[in-house]
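Working notes, beginning with the structure itself.
Numbering (our numbering), first residue to last: 1 to 128.
Here it is, written out as structure tokens:
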């Protein structure tokens, strides 16, 4: 059981990585579908890397059990804190309703649990 972290953004104090390839696949698909929203979300990640997560609930908010979401219009990116100033993104999705779908939170918790087990085993690598 090993996990590959993909570096998303490291321009400042905070390092943002994706657990696995789900985030990259999400961005590739959304760049074609909604390029302006995707660019907005990427700018939010760049800002976060430099200044930390925004305190504006229109851009970032807590979900449940230590999970948070970055928000750019209908696009959402779920994340959690790792040790130090490291933010780990689990996956992205398009939000279609008022409330975050329970399945998305369950999926993020599962990815986080898998990552934490791999970290305890020393089986985590980072790709830039």
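Idealized CB from N, CA, C, for every residue including glycine. Just so you know, these numbers come straight off a predicted model, no measurement behind them.
Check	Outcome
Separation of residue 26 from residue 33, as counted between CA atoms	11 angstroms
Beta-carbon gap between residue 108 and residue 78 smaller than 7 angstroms	yes
Which listed residue (47, 84, 61 and 122) has its alpha carbon closest to that of residue 129	Only positions 1 to 128 of the chain appear in this structure, which leaves residue 129 out of reach.
Proximal residues to residue 21 (C-beta, below 7 angstroms), its chain only, five neighbours per side dropped	6
Delimiting residues of the alpha helix (DSSP H) encompassing residue 61	Per DSSP, residue 61 belongs to no alpha helix (DSSP H); it is in the beta strand (DSSP E), 60 to 62.
Burial state of residue 28, where buried means 16 or more other Cβ atoms lie within 10 Å	exposed
Contact check, residue 128 vs residue 72, beta carbons under 7 angstroms	no
Same chain, Cβ closer than 7 angstroms to residue 105, neighbours up to 5 away in sequence not counted	63, 64 and 67
Boundaries of the alpha helix (DSSP H) in which residue 24 is found, first to last residue	22 to 33
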